[in-house]
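Here the structure comes first, spelled out in structure tokens, and everything after it is commentary.
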Amino acid sequence: MLSKRIIPCLDVKNGQVVKGVKFKGHEVVGDILELAQLYSEAGADELVFYEISASVEKRLLDVNWVSNIAKHIDIPFCVAGGIKSVADAAKVLEQGADKISINSPAIARPQLIKELHDEFGKQCVVVGIDSFYDETTGDYLVYQLTGDPNASSRTRYKTQQWVQMVQDLGAGEIVLNCMNQDGVRNGYDNAQLSLIRRMCDIPLIASGGAGTMHDFADVFKQSEVDGALAASVFHKNIIDIGQLKTFLNEQQVAVRQCN
Amino acid sequence: MIAIINTGCANINSVRFAFERLGVTPEVITDPAQLNHFERAILPGVGHAKVAMERLKQGGWQQAIAEYERPLMGICLGMQLLCDHTDEGDISCLGMIPGNVELLDVGKLTSPHMGWNNLAGIKPHALTKGLDETQQVYFVHSFAHKVNNATLVQGEYGSQFSAIVAKDNYAGMQFHPERSAKVGARLLQNFIDWQLP
Chain C
13 MLSKRIIPCL DVKNGQVVKG VKFKGHEVVG DILELAQLYS EAGADELVFY EISASVEKRL
73 LDVNWVSNIA KHIDIPFCVA GGIKSVADAA KVLEQGADKI SINSPAIARP QLIKELHDEF
133 GKQCVVVGID SFYDETTGDY LVYQLTGDPN ASSRTRYKTQ QWVQMVQDLG AGEIVLNCMN
193 QDGVRNGYDN AQLSLIRRMC DIPLIASGGA GTMHDFADVF KQSEVDGALA ASVFHKNIID
253 IGQLKTFLNE QQVAVRQCN
Chain W
2 MIAIINTGCA NINSVRFAFE RLGVTPEVIT DPAQLNHFER AILPGVGHAK VAMERLKQGG
62 WQQAIAEYER PLMGICLGMQ LLCDHTDEGD ISCLGMIPGN VELLDVGKLT SPHMGWNNLA
122 GIKPHALTKG LDETQQVYFV HSFAHKVNNA TLVQGEYGSQ FSAIVAKDNY AGMQFHPERS
182 AKVGARLLQN FIDWQLP
């Protein structure tokens with residue numbers, strides 16, 4: 013049976029892994045390769061690296077660390093940060109990344125999704141979506157350039173509308189980051205994720221809000237997502253990946269057991 | 002020495018690094034005349050079958066691979082190209098492994114089949130040593146080889162398909178051993194250790 017994926021997310025800035033709360037106030041948590049090795053050996057199913065300053069600074073991420081990860085890591089990994097063209101994506105994939113993820117550049121030019129699909133195949137193309145719940149209107153809104161609080165802004169899209177568009181353009185997977193939950197460890201936004209799940213035919217990855225092992229069980233059972241992404245609970249040693257897998261297995265969630 | 006056949010696909014490095022982690026330094030080759038200098042060879046592949054098969058033909062690889070008498074293993078699309086025919090682009094392939102590649106019938110599940118999944122029906126073979134049905138490997142594909150006599154190990158996602166195939170000195174893995182953690186490393190080691198009778 014296909015396993016639900018546990019995906020530690022490593023936000024990269026100036027060659028190191030950082031973590032902020034609600035996308036603000038970044039603090040350094042460690043070395044890229046050290047953390048990547050730690051998580052893959054602990055049983056992570058996949059890793060995601062976001063070079064958070066790349067899009068904001070209007071440049072491609074630094075591909076040097078990508079090849080270093082590919083040399084040492086034996087699980088799939090996805091890389092994001094300032095990928096704006098087929099040529100940019102080729103540079104990252106040539107270094108050994110399995111997938112590339114795009115966010116703000118896709119909002120600026122949605123056709124990029126189709127171009128990447130046509131060149132590298134659907135399985136390589138992940139679209140990250142930063143979605144903000146507006147309590148006053150009850151709308152889910154897409155934000156961009158969230159790597160920098162000064163550059164972060166609302167886009168013209170509602171989340172449902174953008175999810176439909178990226179699927180139609182050929183995305184192979186969606187990472188839905190629920191901004192209201194990010195870094196606060198109060199649980200995933202199952203209301204939003206369930207809503208998006210029903211309209212999403214491609215793999216959907218939940219992001220934002222993981223605080224306890226129960227949050228993971230809930231998101232797999234209630235929202236039927238394919239994977240759950242988390243950062244601070246792993247960076248701060250709040251949750252051990254091996255114990256999480258054992259717990260999920262007891263909860264009848266299909267996960268890969270590592271020995 | 003292991004050769005990695007480079008037909009211009011992007012995942013050469015992942016496979017090369019995986020062997021390097023096992024202490025073996027493969028050589029990436031672009032000329033079919035080099036193939037016979039190697040003890041074993043890997044045919045990787047990502048992308049569309051039609052494009053990849055064209056590249057093999059244009060590069061003169063068809064005959065070199067057919068005449069090669071030592072272990073040669075295809076990975077993912079590379080495995081599919083070793084079979085008789087694929088429905089992806091409706092093309093004849095290299096014909097080293099009997100059977101056809103068809104669109105995987107996933108039923109109500111999402112396609113492509115992407116992620117970690119189990120293996121089943123493991124037959125004894127040098128390539129399957131140490132493998133058991135509790136272990137998982139990493140798959141990314143939407144087409145698959147139909148189970149037949151060449152099937153060593155099966156996978157299941159909506160329907161059954163070949164996860165590992167072998168015929169004489171040719172073999173293939175539908176999943177990515179280079180991205181399948183310790184299980185994948187063991188399988189690549191099995192390939193390094195595979196001695197033909």
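First to last, the protein sequences are chains C and W.
For the first sequence, our numbering gives the first residue as 13, with consecutive numbering after it.
For the second sequence, our numbering gives the first residue as 2, with consecutive numbering after it.
Each residue gets a CB set at the ideal place from its N, CA and C atoms; glycine is no exception.
Sequence-distant residues of the same chain with beta carbon closer than 6 Å to residue i, five excluded per side
i	result
W/Gln161	Val148, Gln155
C/Ala243	Cys21, Lys31
W/Ala89	It should be pointed out that residue 89 of chain W corresponds to Glu in this sequence rather than to Ala. Contacts found: Ala50, Phe144.
W/Leu44	Ile6, Gly75, Gly79
C/Leu14	none
Backbone secondary structure at residue i - three-state DSSP
i	result
C/Lys34	Caution applies to C/Lys34, whose pLDDT of 48 falls short of 50 and renders its modelled position unreliable; the model cannot decide the point.
C/Asn162	coil
W/Gly159	coil
W/His49	coil
W/Pro178	helix
W/Glu28	strand
C/Ser143	strand
W/Gly60	coil
W/Arg41	strand
Supposed contact pair residue j and residue i - C-beta distance, whole angstroms, cut 8 Å
i	j	result
C/Val231	C/Tyr200	4 Å
C/Met211	C/Gln172	6 Å
W/Leu73	W/Leu57	In fact, because the Cβ distance is near 13 Å, the residues do not count as touching under 8 Å.
C-beta neighbour in chain W for residue i, strict 8 Å
i	result
C/Ala82	yes
C/Pro20	no
C/Gln107	yes
C/Pro215	yes
C/Met191	no
C/Leu256	no
C/Met211	no
C/Ile253	no
C/Met13	yes
Under 7 Å by beta carbon: chain A residues contacting residue i
i	result
C/Lys134	This model lacks chain A altogether; the protein chains it does include are C and W.
Pair within 8 Å by beta-carbon distance, residue i and residue j
i	j	result
C/Val187	C/Ile208	no
W/Trp195	W/Leu128	yes
W/Lys109	W/Asn191	no
C/Ala120	C/Val78	no
C/Gly27	C/Asp74	yes
W/Gly100	W/Val138	no
Close beta carbons around residue i, own chain, < 8 Å, minus the five adjacent residues each side
i	result
C/Ile125	Ile114, Ala118, Val137, Val139, Val178, Leu181, Gly182, Ala183
C/Ser52	Leu59, Ile85, Asp86, Ile87
C/Lys257	Ile18, Gly55, Val267, Arg268, Gln269, Cys270
Residue i at chain C interface by Cβ criterion, 8 Å
i	result
W/Phe18	yes
W/Ala182	yes
W/Gln155	no
W/Pro45	no
W/Ala186	yes
W/Tyr69	no
W/Arg56	no
W/Trp195	no
W/Ser160	no
W/Ser15	yes
W/Gln190	no
W/Val107	no
W/Val102	no
Proximal residues to residue i (C-beta, below 7 Å), its chain only, five neighbours per side dropped
i	result
W/Pro113	Val141, His142, Ser143
C/Asp238	Lys16, Arg17, Pro215, Leu216, Ile217
C/Gln234	Asn202, Ser206
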